[in-house]
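This report refers to the structure that appears directly beneath it.
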Amino acid sequence: MPDLLSPEIDTFLSLFGVLFVGSVFAILSNNSIDRIPRHQSLISPKPYCRECLAALNWRDLIPIWSYLHHHGHCPYCHAAWPKRQIITEMIEFLWVAVFIIRFGWSYPAFITMLFGVGLIVITVIELENRILPDSMLVIMGGLGVINVLAYSQSEFPRAMASLAVGAMVLIIYNFLKSFLPGEQRADLNEIKFAGVLGLFLGLPKVLTAILLAWFLGSIFGVIGIYGFGKKEYQWLPRFPALLSIAGLFVLLFGDNLLTFYHALI
186 MPDLLSPEID TFLSLFGVLF VGSVFAILSN NSIDRIPRHQ SLISPKPYCR ECLAALNWRD
246 LIPIWSYLHH HGHCPYCHAA WPKRQIITEM IEFLWVAVFI IRFGWSYPAF ITMLFGVGLI
306 VITVIELENR ILPDSMLVIM GGLGVINVLA YSQSEFPRAM ASLAVGAMVL IIYNFLKSFL
366 PGEQRADLNE IKFAGVLGLF LGLPKVLTAI LLAWFLGSIF GVIGIYGFGK KEYQWLPRFP
426 ALLSIAGLFV LLFGDNLLTF YHALI
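Here you go:
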């Protein structure tokens, strides 16, 4: 992490950030999760109830509080809001809190937190709709470019190499996957996603994220096959969701994982 701000500003932003930035991220996440799979604009129209189409005012958008205050229902038509809404909001607050506690506050840290929000959005969209939206990859790729050019321009060649390595590993993975029985097929968006992670995380952290995602996948695979039967694996998370979760973990604990690995060898 680059040099932090002064202790006074850092303390203030640590308290203010969890509430304000966490709220902004929570609203942004739920808006993206609702609209991106439907190919709707994130800006217009204003937030609305999907059942009665009534516009929601600012009081209806306060994370966690509005859900609890309205008992998880639209205040106008009383249609149930998805439980995913409050779960996502709590995850966003937790993400901001843990990140600030670990790294403090800095301008690059905000970009990293925003990248983490993108990973959370991808995870939830993947779990709900089993799709990996191109639009999210474009946004997160843009954050990766900003992160490199604005704060570490000398690292740009290394970032491009990391992008290429991440993409190449997933190209090989998808090629090998195509030989497995069943409806296995190459997923171009998986490859692009690994490239985006490589651009932002760099080497060797992108490889750490991919290995961690494979490890999580093997755990879910064993649970699915032996716990629910081979034909009932459809509920299991797809690889992009696991890669998103692994990416979040590496953003927070990547250095610790590498230190632990080096200690072992």
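Quick note on our numbering: the sequence shown kicks off at 186 and runs consecutively.
We put the beta carbon where it would ideally sit given N, CA and C, even for glycine.
Small disclaimer: the values here were computed from a predicted structure and weren't measured.
Distance between beta carbons of residue j and residue i, contact taken as under 8 angstroms
i	j	result
Val281	Val206	6 angstroms
Leu355	Ala394	The pair is not a contact, with the Cβ atoms about 11 angstroms apart (cut-off 8 angstroms).
Ile296	Asn332	5 angstroms
Collapsed DSSP secondary structure at residue i in the structure displayed
i	result
His258	strand
Phe335	In the sequence as presented, Phe is not what sits at residue 335; that position holds Ala. Residue state, collapsed to three classes: helix.
Ala265	strand
Ala371	coil
Ala294	helix
Ala379	helix
Residue i, buried or exposed, once every other Cβ within 10 Å from all chains shown has been counted against 16
i	result
Ile271	buried
Ser403	exposed
Leu294	First, the residue type needs correcting, since residue 294 is Ala and not Leu in the sequence shown. Answer is buried; the Cβ neighbour count reaches 16.
Pro342	exposed
Ile324	buried
Phe329	In the sequence under discussion, the amino acid at residue 329 is Gly, which differs from the Phe named in the question. Label assigned to Gly329: buried.
Ser339	exposed
Ile430	buried
Lys377	buried
Unbroken alpha helix (DSSP H) run spanning residue i, endpoints
i	result
Ala352	Phe341 to Lys362
Ser241	Reading off the sequence shown, one finds Leu at residue 241, where the question assumed Ser. From DSSP, Leu241 is part of no alpha helix (DSSP H); its letter is neither H nor E.
Ser429	Phe424 to Leu449
Arg220	Gly207 to Arg220
Residue i versus residue j: straight-line alpha-carbon distance, rounded
i	j	result
Gly406	Ala426	14 angstroms
Leu433	Arg287	13 angstroms
Ala448	Tyr358	28 angstroms
His255	Pro389	46 angstroms
Leu204	Phe210	10 angstroms
Ser199	Asp440	22 angstroms
Arg269	Phe197	30 angstroms
Leu304	Ala379	12 angstroms
Phe409	Leu322	Inspection of the sequence shows that residue 409 is occupied by Gly rather than by Phe. Taking the straight line from one Cα to the other gives about 29 angstroms.
Met345	Val309	28 angstroms
Gly301	Thr444	22 angstroms
Cys237	Cys262	6 angstroms
Trp467	Trp290	With the chain covering 186 to 450 only, the question about residue 467 has no answer from this structure.
Leu384	Leu312	24 angstroms
Leu334	Tyr292	13 angstroms
Arg223	Ser217	10 angstroms
Ile247	Ser347	39 angstroms
Tyr252	Asp245	8 angstroms
Trp266	Met298	26 angstroms
Asn242	Ser208	15 angstroms
Ser320	Leu442	30 angstroms
Val350	Gly326	15 angstroms
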